[in-house]
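Undergrad: Residue numbers (the numbering used here), protein chains in the order written: chain E, 4 to 444; chain B, 22 to 490. Glycine is no exception: its CB is placed at the ideal position from the N, C-alpha and C atoms. Values in this document were obtained by computation on a predicted structure and should not be read as measured data. Supplied in C-alpha cells, the structure appears directly below.
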Amino acid sequence: MTRRICLLLSAFCLLPSAFAAEKAVAKKQVATDQPLILRGATVHTVSGKDLPNTSVLIKNGKIEALGQTLRVAGAREIDVRGLHVYPGLINAATTIGLTEISAVRETSDTSDLGDYNPQLRAYSVINPASEHIPVVRANGITTVLSSPSGGVISGQAALINLAGWTIDEMAVRKSVGMVIRFPSMTQRLGRGGGIELLMMMQEGRTGGFSEAQRTYARRVAELREWLDKARHYAQARAAETPDVKRDLKLEALVPLVKGEQPALMTVSAARDIRNALEFADKEKIKVVLIDPDDAWKEAELLKKKDIPVILGPTLSLPRNEDDPYDLPYSQPAMLYKAGVKFAISTGGVQFARNLPYQAAQAAAFGLPKDEALKAVTLYPAQIFGVKELGSIEPGKTANLIVTDGDPLESRTQVKRLIINGREVSTDNKHKQLYEKYIARP
Amino acid sequence: MRAKLAIALVLLVGTVSGASAAQPILIKNANILTVSHGRIENGAILIRDGKIAAVGLTVDAPSDAQVIDAGGQWVMPGIIDPHSHINADATNEGAISVSSMTRTCEVINPESIALYRELAGGVTTADIIHGSANPIGGQDCVLKFRWGKTAKELMFEGAKPGLKFALGENPKRAGTPSGYGQTTTPLRYPGSRMGVEDVIRQAFTEARQYQKDWDEYKRKGAAVAPRRDVKLEPLAEVLRGERYAYVHGYRADELLMTLKLADEFGFKIRFFIHGLEAYKIANEIAAHGAGVSTFSDWWAYKVEAWDAIPYNAAILAKKGVLVSLNSDDAELARHLNQEAAKLLKYGNFTDDEALATITLNPAKQLGIDQRVGSIEVGKDADLAIFDQHPLSNYAKVSKVFIDGQVYFDREQDLKQREAKAKEIQELKDKERKAAERRPPAAEKAAPQTTTPPTGRKKRPPESTEEVIR
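In C-alpha cells, the structure reads:
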C-alpha cells in the first residue's frame, strides 16, 4: 500500500516503507489513530507550490502523503473539495495559557518578583483549559509561543499546540528559548508615567540620560555575571566536581550559554538592538530578537549577523511623532528586502487570534503575499528550530487548517482544524454565546 | 522644539490639497461603494463646492473639472469613528463624579499627529468624547479631519452636541481603587454599580428641578432668573432632547439599568458605547430605540469584557439595533475597514452592511447622516479611495477627500518624506551645535562611570535624539 502511494507520489513520498499501512490494518485501530484523508482541496504547502485538487493523508499524527488518488483502507475521509488546506498558523509571541483576563492580577502568571528568573517555565503553568485556546485556534492558529515577560531574565518560553487535555499533549517544545528583556538605555514615560515618576522620586533618581546609562551598565554587568556563573557551573557539573551544589537558576541557563538554545531578547530602539547584539557576540550566545520596533534601522546589521527577528503586531502606531505614518506597516517589507529572516506575532492573548491580519497588513505595504504567509507559518518554525512544523510536507506534524479562502483575509472562514493529526473542534465560548443569544425569542 | 517640528510638518502636509474649492472635480474609473445604494463598478463621481454633485456609471462633468483617474480603485464614504479621544489635550476630569460642564471642544489640539495617521486610514469624521472615569462625563466634539486647519475649523458644523455617560468598572475605580484598603488615596463616590446608578439618578433629579425652575421663570416672568448651573444645563438639554446621551457600558445588566433610568426621566439614550454585552438584551435596546457602537472583536481585557463576543454586532443588527464600530483607540482607528471586514466572518454581514457600520450607521448615531456617511448626491464629498476593496486586508488608502479637498494623498506623503527627513536632520544638527556651545550641564558632568560596559565608544551625537524628545 505504502509502495503504491509512493509510486503515485514519488516526488513526495519520503517515508521509509517500514511505515507500512499493513501494520496499521492488522492492528486493531483506536479511533484516534485512524488514518485521515482530506480529499481534494487546494493544498498550500507554503514550502513549495500550491497543489490544486490534492488530497492529504494523515496518519499517526503526521502528514504521510499528498496526492490526487490516495486510497487507504479504513481511513476516514473528509470531502474538502473547493476548499483550501494550509499549514496551521504559528503565533511566535503570546502569553496564551498564562493570562486569562489581563486586568485581573489573579489570572495572570507572566512574571514574578526578582529580575533574574531563568528557572521559571511557562510550560509548567500553561492552563490547557484557558478559554483563549479554542478562541484563538478557531481562527486557524494551531501553535503559539507562550512566553513569560518579567524582570531582566524572565524565564523560559514554551512552544505549544492549541489542543490537548494536558500541557504534555500540547507541548511542541517545553522550552524553546530564554526570554531576556535586554536592558534599555531609552527612557520613556508613556502611559503610567506617573507611577514611574513617583518611583523615581522615591528612589532618588533623576531620570536623566546619564542615569539611564548607569542603570543600563549595572544591569548588563549583572546579566553578564549570570552567564559567567552559568558557564562555570556547566563546567563544574560536567567535570562532576563533587562540592558543586545543584543550582536551579544556573542550571536553567546552561542550554543558553552552551549555544543549544537562543535568548529570546526583547528590545525596542535601534541603540538597544545594537547593544543586545554586541552583548550576544561577546557572550557567544544565540539570539532571536522579539518585537524590535527599530529593526528596520538595523536591518543591515541583522542580515550580516544572521539574527532572526520576531516582529510584534504590524497594526501598531509608529514610535515617534515624526515617523512615517505607515512605518510599522512597511517594516516587514523593509526587512524582507534586506534579507532578514523574520516571523510576525501579536503578543498577549486578547488579539492573538488576529495574527493572520497582522501578516496581511505587511503584504498591503510591500511584503510579497507568500512571504507574509511564511512569516506566520514556516519562518517561526524555522526560527525556533522546529523542523516538523510550518509547512505541508510528508513527514511533518499534521497541523493543518481547512479554509474557504485565503486565511489572511478576514472574510475567510476556518472550516476545520487538524492538530497533531487529530480533528479539533472550532467551537468556542464566543460561538456558544452566539448560539445561545441569537436563539433568544 | 517639538512644537516647532510639528508646525513645520503641518505646513508641509497642508499643501497636499490640490484643486481650489471652486473647481469641480471628476473622479472616474472608480469602483464606487455608495453604502446606501450598492456598488457602482467603473463609475464616476462629480464633486462641486465640496459636495457630491453627481454619481453614477457616467456623469456629466463640466469641461473645467479637474479629472482624477482612479484607475479601477475603490471609493467609499469617509470612515466615521463615533468614539475617539485623539487630539484632545485632556480626556478625563476625574476628580468629580458629574463633570457634565467639561467641554472637549475646548481642548482640541489640531496638531496632534494622531489625526493625520487616522486620516491615512480613511477616517474623515470622529466624535471626540470625554473619558469614562465618571458616571457623567463631559460634552463631546465632532470633528472633520481637515488636517492643517485650526481647532475651530476642524469642528463639524452644526453637529448636534452629545454628553458622555459611563457605567461599570471605570467610574467605580475612583471609589474602589486597586489596593483598596491599603491605599491612602482619597476615595470618590461611587465605588459600585449601585452608586453609579445613584449618581446619574441624583443628577437628573436635580436637572429636572432646574429645568422646572427655568420653565416656571419663563412662564411667570419672575423678577429674578434661576441661577445658571453649568453642570445641570447639559443634563437639562438631554432632558429636552437637544443633546444626545452616549452611554459607555459593558455588562447587559447595567445597560438595562440605564435604559430604565432614561425611561424614568423621559429621555432617549442615543447609543451605547462598547455595549459588549448588548447582544444579551438586544430586544430591550431595540425597543428603546438606542444604537450600539461596539468593537469588532475586543474581549477579555477586563472582567466586564469577559462575555464579549465578535458576534455582538451580528445579533444586534438581526434584532433591529443600529450598530456601528468604533475605535476608542488611535491605532485601531487606522484600520476600521478591517474591523468591518471581520463582520463578514462573524455573522455573515453583506459587504454593504459591514461598510455601513463604519460610515452610514455612525453618521446616523451622531445625527449627521444628512451630511455624511454615504456616497449620495448632495452629501459632503468626504471620500476614501482604497487601492483594493476596503474589506480586503490587503487594501490601503491612496487618497482621502473632505469637503471635496484632498487631505491625504499617499503619493504625496511618500514624496514628502525625503524633504521631511532633511528638515528633521537640519533641526537635529542645529540642536547639536547649540548643545556643543552650551557649558556642560550638571547632569552631563556626572562621574564617568557612565560608559557602557559593552566597550562601545560613547556616541554623544546620538544623544540629540533625547534632546528632541
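Measure the alpha-carbon distance for B:Val-259 versus E:Arg-140 and round it to whole angstroms.
TA: 45 Å
Undergrad: Can you give me the start and stop residues for the beta strand (DSSP E) that B:Tyr-428 sits inside?
TA: 426-430
Undergrad: Give, in chain order, every residue of the region 382-411 of chain B whose Cβ lies closer than 7 Å to some Cβ of chain E.
TA: none
Undergrad: With a threshold of 9 Å between beta carbons, is B:Ile-134 in contact with chain E?
TA: Yes, because at least one Cβ of chain E sits closer than 9 Å to the Cβ of B:Ile-134.
Undergrad: With three or more C-beta pairs closer than 8 Å as the rule, is the region 102-110 of chain E touching the region 360-379 of chain E?
TA: Result no; under three Cβ-Cβ pairs closer than 8 Å.
Undergrad: What are the partner residues of B:His-269, as DSSP defines its beta bridges?
TA: B:Ala-187 and B:Ile-294
Undergrad: Could one say the Cβ of B:Glu-352 lies closer than 9 Å to chain E's Cβ atoms, at least one of them?
TA: yes
Undergrad: Just to confirm the assignment, what range does the alpha helix (DSSP H) spanning B:Val-418 have?
TA: No alpha helix (DSSP H) holds B:Val-418; the beta strand (DSSP E) holding it covers 418-423.
Undergrad: Determine, using beta-carbon pairs with one atom in the region 175-186 of chain B and one in the region 386-400 of chain B, whether at least three such pairs fall under 8 Å.
TA: Contact between the region 175-186 of chain B and the region 386-400 of chain B is present, because at least three Cβ pairs lie under 8 Å.
Undergrad: Is B:Gly-312 near B:Leu-343, with beta carbons less than 9 Å apart?
TA: yes
Undergrad: Taking one C-beta from the region 209-219 of chain B and one from the region 316-331 of chain B each time, how about it: are there three or more such pairs within less than 8 Å?
TA: No: the two stretches stay apart, fewer than three of their Cβ pairs being nearer than 8 Å.
Undergrad: Does DSSP put E:Gly-180 in a helix, a strand or coil?
TA: strand
Undergrad: Report yes or no: do three or more beta-carbon pairs, one from the region 47-64 of chain B and one from the region 361-369 of chain B, lie closer than 8 Å?
TA: no
Undergrad: According to DSSP, is B:Arg-124 helix, strand or coil?
TA: strand
Undergrad: Out of E:Trp-299, E:Ile-104, E:Asn-120 and E:Gly-70, point me to the one whose CA is closest to E:Leu-253's CA.
TA: E:Asn-120
Undergrad: Relative to the C-alpha of E:Thr-97, which residue among E:Ala-44, E:Leu-267 and E:Val-343 is closest?
TA: E:Leu-267
Undergrad: Residue ranges of each alpha helix (DSSP H) run of no fewer than 4 residues wholly in the region 400-443 of chain E, ordered along the chain?
TA: 432-441
Undergrad: Work out the CA separation of E:Val-88 and E:Gly-424 for me, nearest whole Å.
TA: 14 Å
Undergrad: Please list the partners that B:Tyr-332 has in chain E, where partner means a Cβ-to-Cβ separation under 7 Å.
TA: His-433 and Tyr-437
Undergrad: Please confirm if the region 336-351 of chain B is in contact with the region 80-94 of chain B, defined as three or more CB-CB distances below 8 Å between the two stretches.
TA: no
Undergrad: Just checking: is the beta-carbon of B:Arg-438 within a distance shorter than 9 Å of some beta-carbon in chain E?
TA: yes
Undergrad: Determine the direct distance from the alpha carbon of E:Pro-265 to that of E:Ala-241, and round the result to whole angstroms.
TA: Spanning the two alpha carbons is a distance of roughly 21 Å.
Undergrad: Throw me the rounded Cβ distance for the E:Ala-78 and E:Gln-37 pair, which I believe falls under 8 Å.
TA: 7 Å
Undergrad: In chain B, what lies closer than 9 Å to E:Gln-364 by C-beta?
TA: His-356, Gln-359, Asn-414, Tyr-415 and Lys-417
Undergrad: Is it buried or exposed, B:Asn-5, if we count other Cβ atoms within 10 angstroms and call 16 or more buried?
TA: Since the first residue shown for chain B is 22 and the last is 490, residue 5 of chain B is missing from the structure and cannot be characterised.
Undergrad: Determine the DSSP secondary structure at E:Phe-282, reduced to helix, strand or coil.
TA: helix
Undergrad: How many Å lie between B:Gly-196 and E:Ala-355 at the Cα?
TA: 33 Å
Undergrad: B:Tyr-137 touches chain E at which residues, Cβ-Cβ below 8 Å?
TA: Tyr-328
Undergrad: If you compare alpha carbons, which of B:Thr-123, B:Ile-149 and B:Arg-69 is closest to B:His-104?
TA: B:Ile-149
Undergrad: Among residues of its own chain, excluding the 5 on either side of E:Asn-130, which ones have a beta-carbon nearer than 7 Å to its beta-carbon?
TA: Contacts found: Gly-100.
Undergrad: To which residues does DSSP link B:Ser-105 through a beta bridge?
TA: B:Ile-149
Undergrad: Since E:Asp-297 and E:Ser-319 should fall inside the 8 Å C-beta cutoff, what is the C-beta to C-beta distance between them, to a whole number of angstroms?
TA: So it is not a contact: roughly 13 Å between Cβ atoms.
Undergrad: Checking 9 Å against the spacing of the C-beta atoms, do B:Leu-376 and B:Asn-358 come in under that value?
TA: yes
Undergrad: With 16 as the cutoff for other CB atoms within 10 Å, does E:Lys-399 come out buried or exposed?
TA: buried
Undergrad: Can you find at least 3 beta carbon pairs, one from the region 235-243 of chain B and one from the region 295-304 of chain B, that sit closer than 8 Å?
TA: no
Undergrad: Just to make sure I have the definition right: I need the residues of chain E whose C-beta is within less than 8 Å of the C-beta of B:Asp-328. Which are they?
TA: Simply Leu-436.
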